[in-house]
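Residue numbers (our numbering): 29 to 150. As structure tokens, the structure follows; a few thoughts come after it.
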């Protein structure tokens, strides 16, 4: 529970295209809109748009706590690499498949609370 309100904005990827072994960073600005200091948990969800096996619609792949004074804005950075993109395929191998991934960031898993962009892996 928080006694203030937060706003997420300016979602961006350091690189929107990476190779299967590559990494990138997702950045989002978080603003405390209220008059009290508070903490917010920034959550990173990823969805593989097309996969060789059935995957969840959203997977929590990272999170970070940010403390903000009233009216303060901070940029939160989360890393995306093999650990966030890989899964066990039908042959039980831990792989990153090429394709498009929805990158979603917000303070909950509800669609209306998430900002979204696309990462391409080739």
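No residue lacks a Cβ here, since even glycine has one placed at the ideal position from N, Cα and C.
Quick one: what's residue i bridged to in DSSP?
{"i": "residue 64", "result": "BP columns for residue 64 are empty, so no partner."}
{"i": "residue 94", "result": "68"}
{"i": "residue 109", "result": "Bridge partners of residue 109: none, in fact."}
{"i": "residue 76", "result": "129"}
{"i": "residue 57", "result": "37, 103"}
By DSSP, does residue i sit in helix, in strand, or in coil?
{"i": "residue 119", "result": "coil"}
{"i": "residue 43", "result": "coil"}
{"i": "residue 87", "result": "strand"}
Taking the alpha carbon of residue i as the reference point, which residue from the options has its own alpha carbon closest?
{"i": "residue 87", "options": "136, 101, 40", "result": "136"}
{"i": "residue 107", "options": "118, 147, 84", "result": "147"}
{"i": "residue 98", "options": "66, 111, 150", "result": "66"}
{"i": "residue 132", "options": "138, 120, 126, 142", "result": "142"}
{"i": "residue 101", "options": "64, 60, 40", "result": "60"}
{"i": "residue 124", "options": "85, 103, 80", "result": "80"}
{"i": "residue 105", "options": "41, 121, 127, 32", "result": "41"}
Check the C-beta distance from residue i over to residue j and give it rounded, since I have them as a contact under 8 Å.
{"i": "residue 58", "j": "residue 96", "result": "7 Å"}
{"i": "residue 36", "j": "residue 54", "result": "That pair is no contact at about 12 Å."}
{"i": "residue 82", "j": "residue 149", "result": "Actually they are not in contact, since the Cβ atoms of residue 82 and residue 149 sit about 19 Å apart, beyond 8 Å."}
{"i": "residue 51", "j": "residue 109", "result": "4 Å"}
{"i": "residue 75", "j": "residue 129", "result": "7 Å"}
{"i": "residue 78", "j": "residue 127", "result": "5 Å"}
Counting pairs of beta carbons, one from the segment 66–80 and one from the segment 91–107, are three or more of them closer than 8 Å?
Contact between the segment 66–80 and the segment 91–107 is present, because at least three Cβ pairs lie under 8 Å.
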